[in-house]
Amino acid sequence: LQPDTPRASTTQGFRHFAERLADDGAKGRMRPESFADHYSQARMFFRSQSEIEQAQMASAQVFELSKVETERVRVAVVAQLLNVDEHLAQRVADGLGLPELPAAFPAAAPVQDLPLSPALRIIDRMRPTL
1 LQPDTPRAST TQGFRHFAER LADDGAKGRM RPESFADHYS QARMFFRSQS EIEQAQMASA
61 QVFELSKVET ERVRVAVVAQ LLNVDEHLAQ RVADGLGLPE LPAAFPAAAP VQDLPLSPAL
121 RIIDRMRPTL
């Protein structure tokens with residue numbers, strides 16, 4: 001967690017060996033550009049939930065993050081949550097007692113507003129048991 005400790009380098013980190021193939025192509029691990037979108041599906045999932053389910057997720061985040069002793073980690077998670085949903089991030093920040101919201105963590109790809117999916121709501125699929 002210290003800023004001056006060893007860590008992976010984005011410019012000099014692990015690189016795949018670009019093996020030459022018989023058909024004059026290069027072998028490599030390629031990912032589509034959409035792989036860099038880390039937030040759109042999380043946003044769609046969270047926003048598809050009912051208010052009760054959203055409140056439970058926010059409360060769970062507050063509970064888990066309240067166990068983290070390093071405030072910088074708490075703030076970093078809230079900065080990530082801002083890319084998912086601003087209300088979620090605000091609820092978590094309030095629950096943790098943060099004085100203000102941090103700046104949103106820079107997203108590698110633009111966050112999309114995907115269509116909501118009612119199929120993701122657990123509460124709508126409950127069977128009456130009583």
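Read left to right, the sequence shown gives residues 1 to 130 (my numbering).
Glycine residues also receive a C-beta, built at the ideal position from the N, C-alpha and C atoms.
Quantities reported herein were computed from a predicted structural model and do not represent experimental measurements.
Proximity to residue i [Cα-Cα], best of the options
i, options, result
"A109", "P3, D37, T11 and Q2", "D37"
"N83", "L130, Y39 and P128", "Y39"
"D113", "M44, F35, Q2 and E33", "M44"
"Q61", "G95, P128 and S117", "G95"
"E33", "Q54, P128 and A107", "A107"
"F35", "D4, V111 and P115", "V111"
"I133", "P128, L130, D124 and T129", "This structure leaves residue 133 out entirely; the chain is present only between 1 and 130."
"T70", "L98, H87 and L130", "L98"
"A42", "D4, T11, V92 and L88", "L88"
Residue j beta carbon less than 8 angstroms from that of residue i
i, j, result
"R121", "D85", "no"
"R74", "L65", "yes"
CA-to-CA distance, residue j to residue i, given in whole angstroms
i, j, result
"A58", "P118", "19 angstroms"
"V68", "Q80", "16 angstroms"
"F105", "Q49", "23 angstroms"
"A93", "T5", "28 angstroms"
"M126", "L116", "19 angstroms"
"T11", "A103", "25 angstroms"
Cut-off 8 angstroms between Cβ atoms - residues of its own chain near residue i, not counting five sequence neighbours on either side
i, result
"Q90", "L101"
Closer than 7 angstroms: residue i CB and nearest the ligand FAD heavy atom
i, result
"A58", "Absent from the structure shown: the ligand FAD. Ligands present: none."
Own chain residues within Cβ distance below 6 angstroms of residue i, not counting five before or after
i, result
"A55", "none"
7 angstroms CB neighbourhood of residue i in its chain, flanking five on each side removed
i, result
"V77", "L65"
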